[in-house]
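Asks: I have a structure here, written as structure tokens, and I will follow up with some questions on it.
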Amino acid sequence: MSTTEKVRWTSADLESLPDNGNRYEIIGGELIVTRAPHWEHQDVANNVCVELTIWSRQTKLGKAVQVPGLIFTDGDNVIPDVVWVSYERLAQILDESGHLAGAPELVVEVMSPGEENERRDRQSKLKLYSVQGVREYWIFDRLQQKVEIYLRENGILKLAMTLFKEDNLTSVLLPGFSVSVAVLFA
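Using the working numbering, count along the sequence shown one by one with no gaps and you end on 438.
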């Protein structure tokens, strides 16, 4: 009787992978390889980061960054499109190598087309961010021009609302933050 043992990838394994423009992530010990995102994907992520940065500079409450490394555990190492983290939390989770070794308050993913990408953002990453303590999770669907807002409720992230181009995106986490969804997809 033969058994197939599944390879469990770790953060250390990422060091040996080629620097070839691919994005390497590990969720539950499983390696996920994706190509550099579409221009419009990056444009939406940039728009979100710019708006969060402007708000952050005005309020002096935290920082927004694009494509940070989030190293939750040795088998859970991801690179979301954008995160926002309060200065207080940043002091707790920023490690010596400049990676976030804990959950930021807000994680943003811009979904790439395809069932596999959709499943990863709406299931695998949602579960991971939920377990790790992320307080808000925004998923941008640039093809359908909508944003799904997940809020932490009873210890897990739950879909709270879906916003469209005519709506304004606000956040209980970010007092006074408000931006037109249309601007983020512009």
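Idealized CB from N, CA, C, for every residue including glycine.
Looking only at its chain, what residues have a beta carbon closer than 6 Å to the beta carbon of V330, apart from the 5 residues adjacent to it on each side?
Replies: These residues qualify, in order along the chain: E277 and L322.
Asks: Are the segment 309 to 328 and the segment 402 to 417 touching, with three or more C-beta to C-beta distances below 8 Å?
Replies: At 8 Å Cβ cutoff, the stretches do not touch.
Asks: Roughly how far, in whole angstroms, is the beta-carbon of V386 from the beta-carbon of L421, given that I think they are within contact range, below 8 Å?
Replies: Between L421 and V386 the Cβ distance is about 17 Å, and since that is not below 8 Å, they are no contact.
Asks: Quick check: the Cα distance between S364 and R260, rounded to an integer number of angstroms?
Replies: Straight-line Cα distance between these residues: approximately 25 Å.
Asks: Do T262 and G280 have their C-beta atoms within less than 9 Å of each other?
Replies: Going by C-beta atoms, T262 is not nearer than 9 Å to G280.
Asks: Checking 9 Å against the spacing of the C-beta atoms, do E388 and L358 come in under that value?
Replies: Going by C-beta atoms, E388 is nearer than 9 Å to L358.
Asks: Taking only beta-carbon atoms, is A264 less than 9 Å away from chain D?
Replies: The structure shown contains no chain D; it holds only a single protein chain.
Asks: Check the DSSP bridge columns for V431 and list the partner residues they point to.
Replies: For V431, which the question treats as bridged, DSSP gives the partners L421.
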